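In our numbering, the protein residues as written are 769 to 1009. Beta carbons: idealized from backbone N, C-alpha and C, even for Gly. All of these numbers come straight from a predicted model, not from anything done at the bench. Reading through the structure tokens given below for one structure.
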Ligand code: 6PG
């Protein structure tokens, strides 16, 4: 059973950002109508930035939103590579109370401990007896087909015994260690919004849409679970071939 899957193709980056903001805003409004609160999990990367900025300019019941992160790099919150820092700058125009932001502790010297603390925080916010079902989660896809910080060939896409995992550094790719939500939490989100832009993403998007081992193409994990999946692509990323 899953909540369905569709692909929306935007003509260009501006339309992708506009549609992204609109989909996130609608999911926030629907969640607040249904449950009085909207819980959003944000990915980093360059693609969603403009969508977050457009979202922040909209009029929404911001005090009823709660903001979480899909993944974080092992840096301090004020570091240029911090996903938390980047999203806070993008969302700066929205009057969201400070205590509604729940960041991952990327700066922690003990990332496994930070992952366990974030898992406890999620369980507490969602209710210990409830599933951790984000109302909307933004996702990206890397040139190597990673999503969140689930990298290929590392076994990370197959982690099912934790909601949050610490991911070791990959010095060969120049990547610092990470914290990430795992596949079961990604799959549980009510709306999974995967944004990809540019011809460079065409091949990995096509691979991720085909069934196969998730360890080779981690972005395949987004297709499982009860939530609705929207691929929001620009024309270049969407082209077959
Ligand atoms: C991160 C991200 C990551 C991202 C993809 C796509 O922290 O790096 O959360 O999973 O979504 O790498 O990034 P772009 O949008 O920059 O292509």
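- Linking residue 958 to residue 806 through their CA atoms gives a straight-line distance of about 11 Å.
- No heavy atom of the ligand 6PG is found nearer than 7 Å to the CB of residue 778.
- Out of 825, 770, 800 and 801, the CA that lies nearest to the CA of residue 785 is found in 825.
- Note on geometry: alpha-carbon atoms of residue 986 and residue 889 lie some 25 Å from one another.
- Not one heavy atom of the ligand 6PG falls within 7 Å of the beta-carbon of residue 983.
- Pairwise C-beta distances place the segment 907-925 in contact with the segment 936-956, as three or more of them are shorter than 8 Å.
- Positions of the beta strand (DSSP E) runs, each at least 3 residues long and wholly inside the segment 887-947, are given as 904-907 and 932-935 in order along the chain.
- Taking all protein chains shown into account, residue 955 has 16 or more neighbouring C-beta atoms within 10 Å of its C-beta and is therefore buried.
- The Cβ neighbour count for residue 960, taken over all protein chains shown within 10 Å, is at least 16; the residue is labelled buried.
- For residue 878, there is no enclosing beta strand (DSSP E), as DSSP gives it neither H nor E.
- By alpha-carbon distance to residue 1000, the top candidate from 983, 905, 931 and 951 is 905.
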